[in-house]
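Everything in the sequence shown is counted per my numbering, starting at 22 for the first residue and increasing by one. Every residue gets a Cβ at the ideal spot worked out from N, C-alpha and C, and that includes glycine. Structure first, then comments.
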Amino acid sequence: MALYRKVLCAVDLTEKCHLLVQRAIALSADPAAIAVVHVAEHPISGYGEQPGEYHVVTETQIRQQLFPRLKQLLDQQGLKPDQARIEFGDPVQDLLQVQQSGNYDLIVVGGHPHGKWRALFGTTRDNLLHEVQCDLLAVCLEGEQ
């Protein structure tokens, strides 16, 4: 089987996402050419717990919370921290933009069953499938350790 030149691995930072990174490494011609990306929602500003106190969570604060988890994931798989990316916005559109700008030839995503709402509105994987311009691998995470 031919190996992929550049691999984009989309993770949600759940318990089994290390399996996605392992699969990306196995399919990559050069593990240094793997990017591991987590797409977070834009922060929402609102009111804090105390009346009158304005509460704002910034992208910087979210990055500071997420990056250590992403770095630990990469460290455990022998990848470097500079291979991690945290994006904000719509997962499908952000992954497509990263794939196109980085010229990745494979995107690795998790594939696991979802409830009826996901069946109705689709999953990130399903929506990527209709728009992606490269190979897309959905790794089944159910029953894996």
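Judged by DSSP secondary structure, Arg-106 falls within the beta strand (DSSP E) whose first and last residues are 105 to 109. In the same chain as Leu-87, and ignoring 5 residues on each side of it, the C-beta atoms closer than 8 Å to its own belong to Leu-34, His-59, Ala-61, Ile-107, in chain order.
Secondary structure of Val-160 (DSSP, three-state): strand. Non-local beta-carbon contacts of Asp-115 in its own chain, meaning distances under 6 Å to residues more than five positions away in sequence, involve Val-60, Glu-108 in chain order.
Assignment of Leu-24 by DSSP, reduced to helix, strand and coil, places it in the coil class. Annotation for Gly-123: the continuous alpha helix (DSSP H) segment containing it runs 112 to 123. Contact annotation: Ala-54 and Arg-26 have beta-carbon atoms nearer than 8 Å. For the pair Lys-37 and Leu-162, the Cα-to-Cα distance works out to about 7 Å. Taking a C-beta distance under 8 Å as the contact criterion, Gln-120 and Cys-155 qualify as a contact pair.
In this structure, the CA atom of Gln-82 is about 22 Å from the CA atom of Asp-96. Note on Leu-41: 16 or more other CB atoms within 10 angstroms of its CB, so buried under the neighbour-count rule. Burial of Pro-112 is indicated by the presence of at least 16 other C-beta atoms within 10 angstroms of its C-beta. Of the candidates Val-153, His-39, Val-57, Leu-157, the residue whose Cα lies closest to the Cα of Asp-103 is Val-57.
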